[in-house]
Amino acid sequence: MSNRMHLTLKVNGEAVETLAEPRELLIHVLRERLGITGPHIGCETSHCGACTVDMDGKSVKACTIFAAQAQGAEITTIEGIGTPDSLHVLQEMFREHHGLQCGFCTPGMITRAWRLLQETPSPTEEEVRFGMAGNLCRCTGYQNIVKAVLAAANELNTVKEAAE
Amino acid sequence: MKDLPDSEERRANLKGLGCARKRVEDARFTQGKGNYVDDIKLPGMLFGDFVRSPYAHARVKSINAEAALALPGVIAVLTAKDLEPLGLHWMPTLAGDKQMVLADGKVLFQGQEVAFVVATDRYIAADAVELVEVDYEDLPVVVDPFKAQAPDAPVLREDLEGVTEGAHGPRRHHNHIFTWEQGDAAGANAAIDGSEVIAEETIYYHRTHPCPLETCGCVASMDKINGKLTLWGTFQAPHVVRTVASLLSGIDEHNIRVVSPDIGGGFGNKVGVYPGYVCSIVATIVTGKPVKWVEDRMENLMATAFARDYWMKGRIGATKDGRITGLHAHVTADHGAFDACADPTKFPAGFFHICTGSYDIPVAYCAVDGVYTNKAPGGVAYRCSFRVTEAAYFIERMIEILAIKLGMDAAELRRINFIRADQFPYTSALGWEYDSGDYHTAWDKALKAVDYEGLRREQAERVEAFRRGETRKLLGIGLTHFTEIVGAGPVKNCDILGMGMFDSCEIRIHPTGSAIARLGTISQGQGHATTFAQILASETGIPADKITIEEGDTDTAPYGLGTYGSRSTPVAGAATAMAGRKIRAKAQMIAAYLLEVHDDDLEWDVDRFAVKGAPERFKTMAEIAYAAYNQAIPGVEPGLEAVSYYDPPNMTYPFGAYICVMEIDVDTGEHEIRQFYALDDCGTRINPMIIEGQVHGGLTEALAIAMGQEIAYDDMGNVRTGTLMDFFLPTAWETPNYQTDWTETPSPHHPIGAKGVGESPNVGGVPAFSNAVHDAFRAFGLTQTHMPHDHWRIWRTARDLGLHG
Amino acid sequence: MIPARFDYHRPDSVAAAVGLLQQHGDEARVVAGGHSLIPMMKLRMAAPAHLVDLQGIAALRGIEAGDRIRIGAMVTQSEMLAHAGLAEAAPILAEAARQIADPQVRNLGTVGGNVANGDPGNDLPALMLCLDATFTLEGPEGVREVAARGFYEAPYVTAREEEEILTAVGFDRPARGFAYEKQKRKIGDYATAAAAVLIGAEGGRVVSASVAMTNLADVPVFSAAAGEVLLGSDCGEDAVAAAVDAMQGDIDPVEDNRGPVEFKRHVAGVILARAIARAWSRV
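Heads up: the sequence lines are chains A, B and C, in that order. With our numbering applied, the first sequence corresponds to residues 1 to 164, in that order. With our numbering applied, the second sequence corresponds to residues 1001 to 1805, in that order. With our numbering applied, the third sequence corresponds to residues 2001 to 2283, in that order.
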């Protein structure tokens, strides 16, 4: 009965292969088949953004993408952003500015912010709020998330200027 | 005093009370290494999924699972018939009622659990759910709690036919659950009737839902070799779940281990015991394999844990100069199909009788009638302490309405009636003993911070400009002064299923001066691992960074009643401080031996005991800890451990003053929050950063509730708000920045004076937002309109007031 | 929310895609960005046995922004929002795209999917009506052009035959005065009411006007009458009121969680008046 397909992806820089039914949702492939449990499932209707990952250079919601559609894609999840020995500035700033509480939205939030700051390296507060509007948080009221993203942008720009 | 800089430095090094310490939890969450229930994967794990009722009220004539069972990968399909021999087709609720685990003959709300499919993965389980054929016969639906009480209303709970005595006294109708009263009815009525001014209004606090970002779920695993059941799940009260699981399943409590892993927000949604947990336990016992059940968002919104749904009829009397003479409240409480409210046993309406609020009201009465309807059960405290937010909304609306009747400024009316600082401890007309407060100071600070008089002038000018046709936007100033009652609670009157509402902390100091502490609570984002370590740091002199806090595993943590109702800091926080003090008492004996002085010759100095008058002779806590393990000290047992079970002598009463400034477009019903000022007094402040974060989050939930979030039903009992398209959770775009402030009035009975804060912003925020909407229309004659204040309802208000020309 | 099983196809040409649709008939559905279809499939309100994914067809991408503007069906709303040529030639597109869903959804949501599936809640169909766009459809019989204004028949029912694929939208460079005004409850919501307005002017008078409305009937609404009454006017109070009145005759909103009919009509009027004012300020 099963019509599993041979799925090839590049996840966090590594080529991975797995068998999956075409109908499996990318979020389930990542979480169940590949053991990448950073991205979460919150609403299942593409409203909350807890499942946000980066696919081929764009932020997407992995709950509304079939495994088959992702065939061949390059995917970055929270697990691919920073390492324990070298955290990404966003990860540091979320902690510094108390931009998280229960932590459930955080992987999607940071993964989205990571792409946002590449798209818009020096955002205004309004641009951060608009650019992060696909990610819901029930705990923080966003104020400290916005603060963390703006602080991270600042920090990244300072580092970039110093390097130039 | 030459050592002062040194002791200050040592104090700073502890990161104890008052320090905006960064959270220790964040490292794993920011790297995607949290461990939530759906992250748990066990070998051979099966997946459970529910067949749910599409009808709000129907008889279940038959269930045919043949086709489902024929699907490869389907292991079992459980129905009430399978659970009945185990006595598990119904389960007791926290409110003294019982609830169907799986539909037993009929269904009573849309989304009710009818059958439980167990399969090898979630895709197959979902396919099988589609294949289960259920034959229903429609029954008349009742979604209105007033119509439910009509003599000829359909009988919803056939299992209770002829039962005239419920868990909370007599039932006077087949859909009536209880009547609960407090206060002096005759006295309140007499006082109000004799008043110069009387205000009367019905205030509806609509049905909503806590909707944490993570839904509810569990993994149940029966180890048949050792006879041990392990249950991981989204439990705000893991120890209570263990006790309930033992009572239900007959498995001895020592053979059940309940673990709450990381929890993706709770807000009251994860207090209850849901059919999914029971079915998963049965399934693992039957199959011998681990079974996971995780509900989806629609199931979460449709079937688990609604909040509020209180129709509150109020009468308040006052002298013509604004002195309140009496308050009368009658509530019709829509409890849905089963009374599964999560309240302490003796309080079927929670602490609603805090409804006299911040005011010195001489006589009051309240009564609550609980009613069954064809809606989901629940009635949880959504980021509040047991019906406190309903009470706060009620009194803060009644005050505004009274101000209108009196033609008085609402800020001034509050000031006239506040309980004065010198009246604490204050016993309210409905029997609570408020521990402490200083409302006038907080209120004056708040009004000054926002330039209240200036705002009122601007508002008056705006009204004139509107009348001249120069603007279509009105300005609302939403005032709230709330008093909470949290920290349930004293064992003498607070219990959950018979378990007293104490809480606990157990501390072990390691030989090299670091420590682990375990508590009976469980964090769902509140940052317990950070803040409880701060309490202990201040009590024991061990730096917070050297203290591990562990919660949620019933095999290791001491018994506690869990985290909800802002009870962690007031109760478990107190237990932590008391356990820390026990450590210190033993440490003092050890230090005395090591320094060869009498216990009484020592004094505590931040992180050490020093000889009085000879501060250079001291032993640090680290040195003392080492000695506790490597020296034979006469009369003192080795080791350095302590445990405290804390039974609070009273609740705590945090309070606050909130002011919301809102622009309202009368044509589209849209609003804009121009300013929100929130002053909180939660007693001693453990971690200002975390307090501020709690306030931001709670205010945003309040914004959602006041301005659009609801669980709405149509006349057929269909849920109209089952996804996050329709169930309003604001994004960063709709959420304003908040301005936070504080005063600090420590609780006199709490060991460190802390009161709890997590829920204050929801309790105080909802009336602040709602009062702003009402206030915008006050000049045009509005006294009361119901939440949620979404676009069309605000527009309707404007239309009804003739503002559309 | 788990979809039913299907077989997946990723053709690399429109012809191959059409071939698959012919082969599988009504058991097949085309998927572009998937953000309308996949939620329906997760709720099992749609359960196609074959899913034909258009992402591998290079011919469906690309934007031409000359005097005639052509946008490939697989161009995403994000791409539309970021395209410098479009921003210059038809800025109303970006103004509308900004108001669709959220960044992640716009990254996958396509122009073709949004206009082709016939969901009255989508924003781009009314925009296409306003622009007087034509849709290019390719099917077994070849290629044909259909006017957007004749495309929408009923909810989810359009002039597209089951075996056809919408490959591109095209329209002439629009008039300078533009606005897409949308009221919604929150980011991610469909419109309570939205209005697309294009106005051309000469010598302080309206010489061309086009008005279309989103989510105010079971199909997107082009209000020819509203445009007509603006012609020759200076978009003053009376003209706007007349346009709003005319538009009211063309919409037919239904009650839902966003509010009752009377409210929607009222808001539609307010939104249209605002859109006209903004468009007029830009002519």
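C-beta atoms are modelled at their ideal positions from N, C-alpha and C, and glycine is treated no differently. In this text, all values refer to a predicted model and were calculated from it rather than measured experimentally.
Pair within 8 Å by beta-carbon distance, residue i and residue j
i                 : j                 : result
Val1219 (chain B) : Pro1275 (chain B) : no
Leu2231 (chain C) : Pro2174 (chain C) : no
Lys1292 (chain B) : Arg1257 (chain B) : no
Ala1381 (chain B) : Cys1355 (chain B) : no
Ala1126 (chain B) : Val1077 (chain B) : no
Val60 (chain A)   : Asn2107 (chain C) : yes
Phe1178 (chain B) : Gly1370 (chain B) : yes
His2050 (chain C) : Glu2027 (chain C) : yes
Lys1619 (chain B) : Ala1585 (chain B) : no
Ala1068 (chain B) : Val1074 (chain B) : yes
Cys105 (chain A)  : Ala62 (chain A)   : no
Option in the options with minimal Cα separation from residue i
i                 : options                                    : result
Asn1737 (chain B) : B:Tyr1677, B:Ala1190, B:Ile1075, B:Pro1761 : B:Tyr1677
Asp1435 (chain B) : B:Ala1421, B:Leu1447, B:Thr1179, B:Lys1445 : B:Ala1421
Cys1366 (chain B) : B:Met1312, B:Asn1762, B:Gly1669, B:Pro1558 : B:Met1312
Trp1733 (chain B) : C:Asp2012, C:Asp2067, C:Leu2043, C:Ala2101 : C:Ala2101
Ala148 (chain A)  : A:Thr83, A:Glu119, A:Glu96                 : A:Glu96
Gln2183 (chain C) : C:Arg2149, C:Ala2241, C:Pro2220, C:Ala2275 : C:Ala2275
Span separating the alpha-carbon of residue i from that of residue j
i                 : j                 : result
Val128 (chain A)  : Lys58 (chain A)   : 16 Å
Val1024 (chain B) : Glu21 (chain A)   : 39 Å
Val1037 (chain B) : Met2001 (chain C) : 18 Å
Gly1048 (chain B) : Ile1063 (chain B) : 17 Å
Lys1002 (chain B) : Asp1503 (chain B) : Unreliable placement is indicated for Lys1002 (chain B), whose pLDDT of 47 sits below 50; no coordinate value is reported for it.
Val2018 (chain C) : Ala1529 (chain B) : 59 Å
Ser2078 (chain C) : Arg112 (chain A)  : 15 Å
Ala1376 (chain B) : Phe2222 (chain C) : 43 Å
Thr2076 (chain C) : Gly2033 (chain C) : 8 Å
Gly1802 (chain B) : Asp1775 (chain B) : 16 Å
Phe1351 (chain B) : Gly2113 (chain C) : 52 Å
Arg1508 (chain B) : Asp1647 (chain B) : 21 Å
Ile1251 (chain B) : Ala1342 (chain B) : 24 Å
Phe2178 (chain C) : Asn157 (chain A)  : 36 Å
Phe1769 (chain B) : Glu2228 (chain C) : 44 Å
Met1398 (chain B) : Gln1784 (chain B) : 9 Å
Pro1348 (chain B) : Val1155 (chain B) : 22 Å
Ser1568 (chain B) : Glu125 (chain A)  : 35 Å
Glu2153 (chain C) : Gly1765 (chain B) : 47 Å
Gly80 (chain A)   : Met55 (chain A)   : 12 Å
Gln2104 (chain C) : His47 (chain A)   : 10 Å
Leu117 (chain A)  : Leu1729 (chain B) : 25 Å
Gly1580 (chain B) : His98 (chain A)   : 27 Å
Asp1144 (chain B) : Glu2088 (chain C) : 56 Å
Exercise for the section: With 7 Å as the limit, tell me which residues of the segment 2160-2190 of chain C have their beta carbon closer than that to any beta carbon of chain A; keep them in chain order. Expected result: Ile2187, Gly2188
Practice task
Inspect the CB distances between the segment 1536-1556 of chain B and the segment 1481-1499 of chain B and report whether three or more fall short of 8 Å.
Solution key: no
Handout entry: Residues of the segment 1713-1744 of chain B with Cβ closer than 9 Å to any Cβ of chain C, in chain order
Key = Arg1720, Thr1721, Thr1723, Leu1724, Met1725, Asp1726, Phe1728, Leu1729, Pro1730, Thr1731, Ala1732, Trp1733, Glu1734
Problem - Interface residues of the segment 132-146 of chain A facing chain F [CB-CB below 9 Å] - result: The structure shown contains no chain F; its protein chains are A, B and C.
Problem - Contact residues within the segment 2236-2263 of chain C, judged by C-beta distance below 9 Å to chain B - result: Asp2256, Asn2257, Arg2258, Gly2259, Pro2260, Glu2262, Phe2263
Exercise for the section: Would you check if the segment 1723-1730 of chain B and the segment 1599-1618 of chain B touch, i.e. whether three or more CB-CB distances between them fall below 8 Å? Expected result: no
Handout entry: Within 9 Å of chain A by C-beta, residues of the segment 1208-1229 of chain B in sequence order
Key = Cβ contacts with chain A come from Pro1210, Cys1211, Pro1212, Leu1213, Glu1214, Thr1215.
Handout entry: Against chain A: residues of the segment 2033-2046 of chain C by CB proximity under 7 Å
Key = Gly2034, His2035, Ile2038, Pro2039, Lys2042
Exercise for the section: Decide if the segment 1620-1633 of chain B is in contact with the segment 1443-1453 of chain B; the criterion is three or more beta carbon pairs, one per stretch, under 8 Å apart. Expected result: no
Problem - Residues of the segment 48-72 of chain A with Cβ closer than 8 Å to any Cβ of chain C, in chain order - result: Flagged, chain order: Gly49, Thr52, Lys58, Ser59, Val60, Lys61, Thr64, Ile65, Phe66, Ala68, Gln69, Gln71.
Handout entry: Members of the segment 97-124 of chain A near chain B, C-beta cut-off 7 Å
Key = Shown in chain order are the members of the segment 97-124 of chain A whose Cβ falls below 7 Å from a Cβ of chain B: His98, Leu100, Gln101, Cys102, Gly103, Phe104, Cys105, Thr106, Pro107, Ile110.
Handout entry: Cβ contact check for the segment 1520-1527 of chain B and the segment 1626-1636 of chain B: 3 or more pairs under 8 Å
Key = no
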